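Residue numbers (the working numbering), protein chains in the order written: chain A, 88 to 765; chain B, 40 to 483.
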Amino acid sequence: MSTSSVSKGCFVFKPGSKKRKRTVAVDEYFTDGSDDCGNGRERFNICQTLWEKIKMDTEVLQEELNTKILDSLLDFIKRCTSSFQSRTDDWTSHMRASEIPTAALVLGVNVPDHDVTFQSLSELLRKSVTPFAVSVQAKECAALKNLMQKVLERLMGVGVTLEDDEEDTGIHLPHKKVSCSVSALSQWYKSMMKTRAIKSPDKTGGSENGFSQSPPIIVIFKDFEAFNPRVLQDFILICNRYIQELPFIFIFGIATSPSTIQHMLPHSVSSLLCIELFQSLPCTQHLATVIDKLILTSQFPFKLSSKVLQVLVSIFLYHDFSVRNFVKGLQLALLEHFHSQPLSVLCCGKNEALLYAQKLSHQDVEMVRQLPSFMSILKFHSMLVLNSLTEVCQRFLKDLRKYHKNYYPVLKCLHSLTSSLPKYPLGKQIRELHISCMEKNVWETNEYESAMQLLRLLAKDELVLSLRKCADILKPDKTKKMKSALQQLENYIAKFEQLDSKYFFFFFFFFFLNSTTNYFKICSSAISLLRSYLTPPELQPLNEVCYYSSSGVLRRHLNATPRTSIQTALSHPFYYLQNESLKTDAGTVSNSAPDICIAYKLHLECGRLINLFDWLEAYATVTSAAEGKDPDSEDFGKVDELKHARFIQAVSELEFLGFVKSTKQKTDHVARLTWGGC
Amino acid sequence: MLAGLQCPGYPEAKLSSVSERLPCREGQAGTLLALMGEPEQYCFPSIFIYGHRATGKSHVILTLLKELEVPHAAVSCVECVSAGLLFEQVLLAMFGSESATLLPRSPSLSDFVRIYRQFCAQEPAQQTRYIVLERAELLRDMEANLLPGLLRLQELVDDNVTVILLSEIVWDKFRPNTGCFEPLLLHFPDYTKAELLQILSLDSNPSYSPELYSSYINILLGVFYSVCRDLRELRHLAALNFPKFCEPLEKGEAKESDTHKLWRNIEPHLKRAMQTVYLREVSSVQWEQQQMEEKEATALRGLSAHAHVELPYYSKFLLIAAYLASYNPARTDRRFFLKHHGKIKKTNFLKKHEKTSNHLLGPKPFPLDRLLAIFYSVVDSRVAPTASVFSQISSLVTLQLLTQVGHDDQLDSPKYKCAVSLDFISAISRTVSFDIVRYLYDFL
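In C-alpha cells, the structure reads:
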C-alpha cells in the first residue's frame, strides 16, 4: 500500500473491507472434495435432523432427571417465602436469630453439566416464585465489590426493564451513581414493592403474576468451591444485617460434598444460615439413562461401534464424568460418520433409505461392492451378483433394521438375567454387555459360560422371577420373531412352575450325578433362545452404513495429547509438513528438516548436561551436509554467523517447549529435561 | 446498681431508662458517659472498644446514643466495600443527602474532610457528634491513611466530633507501623454465667411464668456454657428448644414445680442439640420439624456425614499421587516407586527434623513434575499424557481438593499442596483398591 506522505515512517492501514473471505456454508464442507457431490447435501441434512433429535431427546431427558430435585428445591423456596411473610410477632420468632434460608445443592464433580441444571432452575424460579433470582459465578467475583456489583446489577437491571414493560410512571433509578451497597438494594426493593402494591391493591396475597406479595431475592452461587471464602463470608454477614427488610434466599451449587460449607465458612458465619441439603442423581446413573435412550435403541439409525463407544465411555469414566461432553462426543462421531462415509446417505429412516438405495449412482454401487461386509457375504451367495445390486441393497437394509429391532430387546433380556448374578460375570452395566456383544459372539466367551453356570444354580423362584422380567421386556415389541420368542419364553415359565417343589429339592441332591435332567434342559434352552439374536453387527451386511468405527479419530479429537504431538512433530517432521524431502526411515531425521528438528535429534544423543559448543558443532556439520557442500572441503561444518543464529533460535525454541533449560552447574552447558533417546 | 448512671447535662428520666435497657453493663455505660461528658463539651477524639462477640459493645453504645438523642452516625465497616461508601454513609447521617452527593468518584480522606468542614461551617456542632464504626478491624485493609486519619478526625475537621471504633480484636493488632494517635481503650469483658442467666431470663415466654423460664435457662446454660458463651446464639438455642421443655407441661404429665422431671426430659435433648443444631449440621428449621414429628435424631444426617465425593478414575489417582507427594519426603520416592530400591532402613534414613510425623506437620508443596511421576507409577495401566489429565489437575484445584501454592500465573513448574484428609484419601483409595497406607512414609 502507498501513502501520499513524503516523509518516512510507519503508517497504519485499516484492513480494506473489499477482500472479505468468502464464508463457506456449513453444508458445503460435506460436498467439497468428496467424489459424490450429489449425496453430500443429503448426508448433511440427515446428519442435521438426527442431531436435532438427539439434542432434543437429551434435553428432555435432563429435565426429567432433574425434576425431582428441582421440585423439592422449589418446595423449600416456597416454604421459606411463606415463612418470610407469616413472620409474626410471637415469642419464638422474636427470640430466634434470623437466619438466611440456604439450599445446598450437591451436583457432583461434573461441573460442565451444571449449567443446564442452573439454567432450568433459574427459569423455573423466575416463572413460579420470584422475578428476583440472580446467579453469580466465582470467576466474576474476585472481590466483595465485584460480587455486590454483579448481584445489584442483575437484580436492579432486570427490575428496571420489567418496569418499562409494565408501566410508564415507574421509578427510575438515579443512573449516575447507584452506590454499590445493600442499603441501596433495600431502598430499591421497598419502592418496587410499593409500586406493586399500588398496581394491585385489591388482590392480597397472590398477585397477578402468581408471585407472592414480597417475592424473595434468590442468589445462586453456581460454583461454591471456587469462591474466595473471605468474599462469601463478608457477603453473608452483610446480607444478614438486612434480612429483616430483604427476604434473601441463597442457593449454593456444590460440586464435592456439603462439608465444604463448614470448611469455607467459620461457625460465626455458618450460624447465620439455615442450610438444607439437596442431592442430585449421580452422574453415572445419568449416563446410563442417556445411553439407554440414545444408543440402546433401534430408533436412531446411527450406531457406534464397540471401540468408539468404549472411547466415549472411558473418557467419561476416567476423565470428566461429564454427560454433556459425552453427548458432544456423540455429536462429533455423528458428524465424522456422515462426513467421511459416502454411503452414510443410507443411514436414515426406513422409507428414505430404500428410496436412496434405488437412486444409487454407479460410483456408489461400486463403493457398496467394496464394503468388507458385502464382500464377505458375496463369498457365500454368489447368486447375488446376478440380481440387481440395488435390490440386494434394499434387502440388506431391511435385514439390518430387523436385526436392530431384535437385538436391543434381547440384549436387555440377557442383561436383566445376568445383572443380578454375584460378581457380575457379564458386567454390571448394560453398556458393558452391549460392548462385549458387539465385539464377538458373546456365547463363546468364558464370561458367558460362567454366567450360565451361575444361572443354573439359581433357585427356581428366582429364575422364574427373572424370566418373567424378561417376558415383560419383550412384551411391548411388535416384530414377529419377538412375539414368537415371547411365546416360547412363557411356555418355559409355565413348565418351570409345574415342576414340583419336592422334586426340586430332591433334584438338588443329585445335582452332580445327573446334570441332564429336565430342569436343566429347559433352563439352557430358554437362554439359548436369546442368543441367536445377539450376533455382532460386523457380520451383518452393509453395517458400515450405520456403524461409525474409527475410534482413533475420535480419540485424537476428544482426548488430545499435546506432548506426543510435539514429539511427533520434532522427530517426524514429515507427519505434519507432508514434504517429500522429509520422508525418512523410522528413527532418523533428514538433514533438510527444520532447524529445531535437527537440534532436537542431536540433543537426544546427549546425557543430562549438554555442552552447547559441541551441540553447535554437530548442528553445523549436519546443516553443511544439507547445503550440499563437499565433505572434504575446508569450510565444511564451519560455523558462520547465520548458522550460529539459526542454532541459537532452535535452542531457545526447545527451551520454550520445555526440553532443555539453562543450568548453573557447569558453564556453557544446558540441562536436558527429558529422559531417553539414543 | 441503678444509681450508677449519672451524668450532668442529660435528663434523669432518660438515663434511668437507658440503664434499664443495659443490664449487666452499667459499669461500661458509666465509663462511656463519663467520657462523653456534658453534651456540648468536647470528648476524647477517638475511643476504641473491644471485647468478644455478643458482649454488648454495639448495643451499649447505640442505646446510649439513641436514647440520649445525641447526633451520631453508625456504620458497619463490613458493608463498606470501599472507603467512599464509608464517607457517604457518615455524611448522610450527619448532614443529610445533600452532602453525600458532593463526594467525587472514589473519594479520598481529604475529600471527606473538605466536605465535612464545609458543612460543619454551615451548621457548627451544638453537641458532640459521634461516628461509630463497627467491625473496625476491616479498616486496616483499606487505604493506609484512613485509620490514622479517622483517629484524629477531631483535629482535621476542627469540629466537636468523636470516632468510636468497635472491634473483637485488641488494639495492638491495629497499630500501624508508622505510628498514630492512640485512642482511649475500653474493654468489654465476657458476661459471667450469672450475668448470662440474668439477661437470658429477661425475655421469658408470656404464657409461662418467669421462674419456669429462668430454671429452663439454668438447665440450658448447664449444658451449653462450656462450649458457647455467645449471647445471641444461646438465645437462639433457648428459643429452639423451649417447646420441647414445655412438652410435659402441655401434656399434663408434669407441673411447673416438677423441676427434676422437666430436667430429665430436656437434658438428653439439649445434649443432642449441642452436637447437631449448634454446629449447624442440622438447620434450625429441620430441628424444629424433627421436634414436632417426634422423630429420632438419627433420622437426619448432618452435613458432614455426606463427605463422600465421587471422582473420575484418573482424578482419584491424581489425588492419591498428590497426597503421597505432600506427605512423603521427596527423598523417599525412590523407596516407594522404584522396583530395585535396595533396602533402606527407616532409622538410618531419617533426618533429625523428619522424626516428627509428616501428618502432624501438614501437607508440603510439591512441583507438578513430581505429582505426574508418582501418578504414572501408581496408576496400574499406561496412561497417555493427554490434555485431559492436565485439565483434571486444575479442576481438582477449583474443587479445592488441591491448592496451588504461589501465584496463579506461574506457568513454569507450578507447585501444589494436597488439601484432603487421611480419612478422605483412604476412602478414595479403597474405591480403586489401592493400599495407600503401604505407600506412606509415616506408617512404615
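Each residue gets a CB set at the ideal place from its N, CA and C atoms; glycine is no exception.
Here the structure is a predicted model, which means the values were calculated and not measured.
Residues near residue i in its chain [Cβ-Cβ closer than 7 Å; skip 5 each side]
i, result
"N257/B", "L236"
"S636/A", "S392, K394 and V395"
"C82/B", "L74, M75, G76, T167 and T201"
"F281/B", "N244 and Y255"
Test item: CB-CB of residue i and residue j under 8 Å
i, j, result
"V266/B", "M313/B", "yes"
"L333/A", "L272/A", "yes"
"I362/A", "T189/A", "yes"
"V459/B", "L440/B", "yes"
"M569/A", "L576/A", "no"
"L195/B", "L185/B", "no"
"Q224/A", "K165/A", "no"
"C457/B", "A361/B", "yes"
"A680/A", "P660/A", "yes"
"P84/B", "Q193/B", "yes"
"L276/B", "F284/B", "no"
"T566/A", "N666/A", "no"
Same chain only: Cβ atoms within 8 Å of residue i, ignoring 5 sequence neighbours per side
i, result
"V209/B", "Y89"
"F403/A", "L374, S409, V410, N412 and F413"
"E182/B", "A122, S147 and L148"
"V709/A", "N678, I685 and L689"
"P509/A", "L541"
"L421/A", "C134, L137, W138, I141, F389 and Y635"
"T70/B", "L225"
Residue i, DSSP secondary structure in three states
i, result
"L696/A", "strand"
"V306/A", "strand"
"V414/A", "helix"
"R759/A", "strand"
"E221/B", "coil"
"K403/B", "coil"
"A278/B", "helix"
"H51/A", "It is not possible to answer for residue 51/A, since the shown part of chain A is limited to 88 through 765."
"T16/B", "Chain B is shown only over 40 to 483; residue 16/B falls outside these bounds and no answer can be derived."
"A546/A", "coil"
"L621/A", "coil"
"T442/B", "strand"
"S503/A", "helix"
"L487/A", "helix"
"I86/B", "strand"
"Q366/A", "strand"
"L377/B", "coil"
"K570/A", "helix"
"K454/B", "strand"
6 Å Cβ shell around residue i - same chain, five flanking residues per side excluded
i, result
"P316/A", "M351"
"L72/B", "C46"
"L204/B", "F87, L172 and A175"
"V452/A", "L476"
"N304/B", "P287"
"S468/B", "I359 and I475"
Subject >> Completely contained alpha helix (DSSP H) runs for the stretch 229–271 of chain B, where each covers 4 or more residues >> reply: 232–241 and 249–263
Original post:
Got a sec: which bits of the stretch 261–274 of chain B sit with their beta carbon under 9 Å from any beta carbon on chain A, in order along the chain?
Top reply: D269, R271, E272 and R274
Original post:
Using a Cβ cut-off of 8 Å, which residues of the stretch 740–752 of chain A contact any Cβ in chain B, in chain order?
Top reply: Listed by position along the chain: nothing, the set is empty.
Original post:
Taking a cut of 8 Å between CB atoms, which residues from the stretch 645–658 of chain A lie near chain B?
Top reply: Result list: N646, A647, T648, P649, R650 and T651.
**OP:** Ignoring anything shorter than 3 residues or poking outside the stretch 150–197 of chain B, list the beta strand (DSSP E) runs there in chain order.
**Re:** 168–173, all fully within the stretch 150–197 of chain B.
Original post:
Of the residues that make up the stretch 106–132 of chain B, which ones have a beta carbon closer than 7 Å to any beta carbon in chain A?
Top reply: The stretch 106–132 of chain B vs chain A, Cβ under 7 Å: S115, V117, E118, V120, S121, L124 and E127.
Original post:
Can you give, in chain order, each stretch of the alpha helix (DSSP H) that sits fully within the stretch 413–464 of chain A and has at least 4 residues?
Top reply: 437–445 and 449–457
**OP:** Closer than 8 Å, Cβ to Cβ, to anything on chain A: give me those residues from the stretch 306–334 of chain B, in chain order.
**Re:** For the stretch 306–334 of chain B, which is checked against every Cβ of chain A, the residues closer than 8 Å are L318, R319, S322, S323, V324 and Q325.
Subject >> Contact set between the stretch 431–463 of chain B and chain A, restricted to residues whose Cβ is under 8 Å from the partner >> reply: Q431, S434, T437, L438, Q439 and L440
Subject >> Contact residues within the stretch 310–342 of chain A, judged by C-beta distance below 8 Å to chain B >> reply: D310, E312, A313, D321, L324, I325, R328 and A342
Original post:
Any residues in the stretch 179–203 of chain A with a beta carbon nearer than 9 Å to a beta carbon of chain B? Which ones, in chain order?
Top reply: T179, S180, H181, M182, R183, A184, E186, P188, T189, A191, V193, G195, V196, N197 and V198
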